[in-house]
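First to last, the sequence lines map onto chains A and B. Going by UniProt numbering, 306 is the number at position 306 of the first sequence; the sequence numbering is gapless. Going by UniProt numbering, 55 is the number at position 55 of the second sequence; the sequence numbering is gapless.
2 protein chains.
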Amino acid sequence: MRHRLKDVAERAGVSVKTVSNVVNGYVHVRPDTRARVEEAIAELNYRPNLSARNLRKGRTGVIALAVPELDIPYFAELARHVVTAAAALGWTVLIDQTGGVREQERVVASGITDHLIDGLIFSPLALTADDLTNLDGTPMVLLGERVDHGPADHVVIDNVAAAREITTHLVGLGRRRIAAIGSQRTPEGASARLRLDGYRSALEEAGLGYDETLVAPAPAWHRADGAAAMRALLTSGVRPDAVFCFNDTLALGALRALHEAGLRVPDDVAVAGFDGIEDGRFSVPTLTTIAPDKERIARLAVELLANRIDGDRTAPARELSAPYRLEPRESTKGR
Amino acid sequence: MRHRLKDVAERAGVSVKTVSNVVNGYVHVRPDTRARVEEAIAELNYRPNLSARNLRKGRTGVIALAVPELDIPYFAELARHVVTAAAALGWTVLIDQTGGVREQERVVASGITDHLIDGLIFSPLALTADDLTNLDGTPMVLLGERVDHGPADHVVIDNVAAAREITTHLVGLGRRRIAAIGSQRTPEGASARLRLDGYRSALEEAGLGYDETLVAPAPAWHRADGAAAMRALLTSGVRPDAVFCFNDTLALGALRALHEAGLRVPDDVAVAGFDGIEDGRFSVPTLTTIAPDKERIARLAVELLANRIDGDRTAPARELSAPYRLEPRESTKGR
DNA sequence: AACGTTGACTACAACGTTGTAGAAACCAGG
DNA sequence: CCTGGTTTCTACAACGTTGTAGTCAACGTT
Numbered sequence: 001m002r003h004r005l006k007d008v009a010e011r012a013g014v015s016v017k018t019v020s021n022v023v024n025g026y027v028h029v030r031p032d033t034r035a036r037v038e039e040a041i042a043e044l045n046y047r048p049n050l051s052a053r054n055l056r057k058g059r060t061g062v063i064a065l066a067v068p069e070l071d072i073p074y075f076a077e078l079a080r081h082v083v084t085a086a087a088a089l090g091w092t093v094l095i096d097q098t099g100g101v102r103e104q105e106r107v108v109a110s111g112i113t114d115h116l117i118d119g120l121i122f123s124p125l126a127l128t129a130d131d132l133t134n135l136d137g138t139p140m141v142l143l144g145e146r147v148d149h150g151p152a153d154h155v156v157i158d159n160v161a162a163a164r165e166i167t168t169h170l171v172g173l174g175r176r177r178i179a180a181i182g183s184q185r186t187p188e189g190a191s192a193r194l195r196l197d198g199y200r201s202a203l204e205e206a207g208l209g210y211d212e213t214l215v216a217p218a219p220a221w222h223r224a225d226g227a228a229a230m231r232a233l234l235t236s237g238v239r240p241d242a243v244f245c246f247n248d249t250l251a252l253g254a255l256r257a258l259h260e261a262g263l264r265v266p267d268d269v270a271v272a273g274f275d276g277i278e279d280g281r282f283s284v285p286t287l288t289t290i291a292p293d294k295e296r297i298a299r300l301a302v303e304l305l306a307n308r309i310d311g312d313r314t315a316p317a318r319e320l321s322a323p324y325r326l327e328p329r330e331s332t333k334g335r
Numbered sequence: 001m002r003h004r005l006k007d008v009a010e011r012a013g014v015s016v017k018t019v020s021n022v023v024n025g026y027v028h029v030r031p032d033t034r035a036r037v038e039e040a041i042a043e044l045n046y047r048p049n050l051s052a053r054n055l056r057k058g059r060t061g062v063i064a065l066a067v068p069e070l071d072i073p074y075f076a077e078l079a080r081h082v083v084t085a086a087a088a089l090g091w092t093v094l095i096d097q098t099g100g101v102r103e104q105e106r107v108v109a110s111g112i113t114d115h116l117i118d119g120l121i122f123s124p125l126a127l128t129a130d131d132l133t134n135l136d137g138t139p140m141v142l143l144g145e146r147v148d149h150g151p152a153d154h155v156v157i158d159n160v161a162a163a164r165e166i167t168t169h170l171v172g173l174g175r176r177r178i179a180a181i182g183s184q185r186t187p188e189g190a191s192a193r194l195r196l197d198g199y200r201s202a203l204e205e206a207g208l209g210y211d212e213t214l215v216a217p218a219p220a221w222h223r224a225d226g227a228a229a230m231r232a233l234l235t236s237g238v239r240p241d242a243v244f245c246f247n248d249t250l251a252l253g254a255l256r257a258l259h260e261a262g263l264r265v266p267d268d269v270a271v272a273g274f275d276g277i278e279d280g281r282f283s284v285p286t287l288t289t290i291a292p293d294k295e296r297i298a299r300l301a302v303e304l305l306a307n308r309i310d311g312d313r314t315a316p317a318r319e320l321s322a323p324y325r326l327e328p329r330e331s332t333k334g335r
């Protein structure tokens with residue numbers, strides 16, 4: 001049985017608005033009236049109807065987080081932090097999976113703005129700036145790569161610098177034939193491009209030169225893709241002594257493929273990943289990685305969104321940068 | 001700029017209700033009228049206000065999925081399937097993380113029923129039957145262990161039989177000192193208790209007897225807990241030749257601890273898990289596991305919920321069982 | 001020609017809430 | 001005892017949508 005303000009009001013012998021005032025903590029209510037109302041609320045187990053409240057207020061208190069896939073650990077971990085950060089501001093988070101498919105991402109970016117959410121935190125893979133025009137002004141914050149200087153707020157990490165740093169780390173171990181796994185030619189591959197840039201610039205800085213045969217593409221960034229790419233590298237005969245994988249799941253797949261090929265990590269081949277997921281602390285061997293500060297990313301994103309929702313919607317888009325840390329582990333121990 | 005039915009109606013020169021009829025696909029609208037309205041909708045980029053629609057209809061089209069933690073891969077994978085199954089029925093899924101904390105789970109079970117969701121799919125860890133009484137009749141489906149025959153619909157797998165089957169598998173490999181990791185004494189440990197029962201009954205069936213020193217508790221079921229429990233077993237000197245971990249993340253932690261102790265898997269110690277998560281296909285060694293049919297679980301849960309929402313809310317609670325499969329992999333290869 | 005049926009549309013009320021405006025009671029200061 | 005301000009409360013309208021009831025014209029049947 002569902003009750004409304006009206007039922008509570010009748011039971012407490014006051015007007016509907018007075019009950020509303022009590023519910024909303026309005027100060028000018030006599031203590032005994034407040035007590036009577038609260039008693040009635042408790043007796044009826046009254047809960048406000050959020051649809052009605054939302055309609056009236058024009059706010060829903062719900063923000064959406066759109067990620068490619070929840071069972072990619074990086075996004076699951078990120079989601080947890082976003083939910084936590086949003087809860088601190090009294091928001092509920094609706095998590096949306098786009099599959100990284102452009103069409104679905106466009107639906108999320110434009111269609112989901114059905115007054116069901118106040119704002120959107122969006123980690124796009126396939127989206128381009130064009131897709132972001134039709135937004136009805138629903139506040140949005142993008143995570144990850146810049147989409148051609150789109151009109152939205154942005155939280156990024158410096159992918160190029162991070163990729164350069166971890167590649168340099170491999171160089172510092174004395175590795176000379178450093179492969180890369182995860183390149184992508186599609187427009188979806190914005191992260192891939194930046195990380196490849198960083199990899200390349202580190203190699204050139206070290207005087208090692210860039211060898212295209214050492215770069216293996218990966219259609220998606222799952223474990224299976226990493227394993228397949230690693231196998232391809234091995235059978236091609238290029239004999240790398242290190243591999244930089246553009247994310248950790250790729251790296252876990254690569255570890256697996258190296259194990260199957262009878263190669264030892266890090267003795268024969270050093271392996272490094274990117275994302276700092278929890279799995280990497282427990283894999284055999286543990287995985288060297290770039291760990292972005294996910295908590296900070298989440299908090300910055302939520303704060304940017306809050307500013308948009310409550311503040312000036314026409315202010316110029318801001319871009320904030322979150323820190324990362326290189327975490328050396330067993331997979332790149334010196335020999 | 002947001003537009004309403006009224007704006008569209010004025011532009012198309014019809015009544016508000018006619019626009020509503022077009023939007024909702026009502027058949028008795030003249031083709032030319034429909035065309036005019038649709039043109040106006042497109043020009044104004046009109047989107048219905050879901051809060052208003054929900055208020056009017058008493059439905060929101062949103063269901064919630066409450067799980068302990070999204071970055072436990074099992075729940076992330078489950079979430080994906082639930083989202084997919086729900087989308088097939090036109091529902092949006094709001095994912096809620098309870099942290100497995102009883103208080104938070106109670107909030108979800110009772111409080112979230114704020115008319116924002118039409119129903120709830122709930123995978124509780126800590127909840128008891130008492131907590132489920134105060135529900136206002138919001139439809140709910142429980143996943144996993146039965147909560148003392150609570151009043152809600154339920155999708156389960158046969159934990160006892162599954163645990164017995166995988167333990168018997170270990171016995172069949174000739175293992176005689178089979179340890180277990182993941183026992184819990186708290187009321188939260190319903191799954192733990194059932195899996196322990198299955199383990200125990202398999203041992204007795206095989207005439208091996210139950211040795212309490214071979215059972216290691218784990219406060220939570222994360223990788224770190226599995227690693228710690230494994231280390232505890234090893235230092236206690238009980239020398240197991242196999243371990244059944246009550247979930248896969250525990251098992252991955254155990255693999256890690258065994259590796260650090262210089263023991264080989266499966267040669268020295270065979271390891272089995274439970275949940276069938278993707279990681280287990282790529283770990284070194286790959287992980288033998290019980291893989292519940294998550295897609296089926298998700299579909300059954302969504303269907304049960306749909307029946308509650310659209311059908312008889314007072315019908316007696318139903319309990320459906322989903323199948324599972326034993327998936328033998330490297331971690332229990334015969335020696 | 002009168003009749004019922006159907007199609008195409010509209011006016012109105014209602015969903016449950018909260019903002020606005022204002023009434024009534026109370027208080028302090030002159 | 002009046003004035004002006006505050007406290008406490010209420011009536012009403014509005015948020016944007018859809019269900020209900022109804023109007024009116026066109027049509028086919030007798």
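Think of the CB as a built atom: it goes at the ideal place given N, C-alpha and C, for glycine as much as any other residue. Being a predicted model, the structure only gives us computed values, none of them experimental.
For Pro217(B), return the contacting residues in chain A, with the cut-off set at a CB-CB distance below 9 Å. Going along chain A, no residue has its Cβ under 9 Å from Pro217(B), so there is no contact; the nearest lies around 19 Å.
Return helix, strand or coil for Arg11(B), following the three-state DSSP convention. helix
Supposed contact pair Tyr74(A) and Asp275(A) - C-beta distance, whole angstroms, cut 8 Å: 4 Å
How would you label Lys294(B), buried or exposed, when you count the other beta carbons within 10 angstroms and need 16 or more for buried? buried
Can you give me the start and stop residues for the beta strand (DSSP E) that Arg325(B) sits inside? Annotation: the continuous beta strand (DSSP E) that includes Arg325(B) extends over 324 to 327.
Would you mind working out which of Tyr199(A), Gly182(A), Leu194(A) sits nearest Ile166(A), comparing C-alpha positions? Tyr199(A)
Which residues mark the beginning and the end of the alpha helix (DSSP H) in which Thr33(B) is found? 31 to 44
Which term fits Thr138(B), buried or exposed, when burial requires 16 or more other beta carbons within 10 angstroms of its beta carbon? buried
Using a C-beta cutoff of 8 Å, does Val284(B) count as contacting chain A? Val284(B) counts as touching chain A.
What are the boundary residues of the alpha helix (DSSP H) that Leu55(A) is part of? 50 to 57
Provide the residue(s) that pair with Leu142(B) in DSSP beta bridges, ordered along the chain. Phe122(B), His154(B)
Between the alpha carbons of Ala322(A) and Gly144(B), how many angstroms are there, rounded? 38 Å
What are the boundary residues of the alpha helix (DSSP H) that includes Thr235(A)? 223 to 236
Anything in chain A within Cβ reach of Thr60(B), meaning under 8 Å, just list it in chain order. Ser51
Chain B contact residues for Gln97(A), given Cβ-Cβ distances below 8 Å: Arg80, Val83
Interface residues of chain B around Gly100(A) at Cβ under 7 Å? What Gly100(A) touches in chain B: nothing, since even the nearest Cβ is about 13 Å away.
Taking only beta-carbon atoms, is Gly253(B) less than 8 Å away from chain A? yes
By alpha-carbon positions, which one of Val23(B), Ala298(B), Thr314(B) ends up nearest to Ser123(B)? Ala298(B)
Given that Asp225(A) touches chain B, what residues does it touch there, using C-beta distances under 7 Å? Near Asp225(A) there are no residues of chain B at all, since even the closest Cβ is about 11 Å away, more than 7 Å.
Measuring only the C-alpha atoms, how far is Val156(A) from Leu89(A)? 22 Å
Among Ala161(B), Pro219(B), Pro48(B), whose alpha-carbon lies nearest the alpha-carbon of Val101(B)? Pro219(B)
Quick one: Cα of Thr314(A) to Cα of Gly119(A), how far? 15 Å
Would Ala179(B) be called buried (16 or more neighbouring beta carbons within 10 Å of its own) or exposed? buried
Through-space distance from Arg11(B) to Ser20(B), alpha-carbon basis: 14 Å
Which two residues bound the contiguous beta strand (DSSP E) that contains Leu320(A)? 319 to 321
When you compare the CB of Leu263(B) with every CB in chain A, is at least one pair closer than 8 Å? no
Could you check if Ser20(A) belongs to the surroundings of the ligand NAP, using beta carbon to heavy atom distance under 7 Å? The model on display carries no ligand, and the ligand NAP is accordingly not part of it.
Under 8 Å between C-beta atoms of Leu65(B) and Val93(B): In terms of Cβ geometry, Leu65(B) and Val93(B) form a close pair [threshold 8 Å].
For Val265(B), which residues in the same chain have their Cβ closer than 7 Å to its Cβ, ignoring the five residues on either side in sequence? Leu255, Leu258, Val271, Pro285, Ser331
Close beta carbons around Arg329(B), own chain, < 8 Å, minus the five adjacent residues each side: Gly280, Arg281, Pro285, Thr286, Leu287, Thr288, Thr289
For Tyr210(A), count neighbouring Cβ atoms within 10 angstroms of its own Cβ and tell me buried if that reaches 16, exposed if not. exposed
DSSP has Ala291(B) in a bridge; who is on the other side? Arg325(B)
Residues bridged to Thr98(B) (per DSSP): The partner list for Thr98(B) (beta bridge, DSSP) is empty, contrary to what the question assumes.
If we count the other Cβ atoms within 10 Å of its Cβ and call it buried at 16 or more, is Pro31(A) buried or exposed? exposed
Could you confirm whether any beta carbon from chain A is found closer than 8 Å to the beta carbon of Leu116(B)? yes
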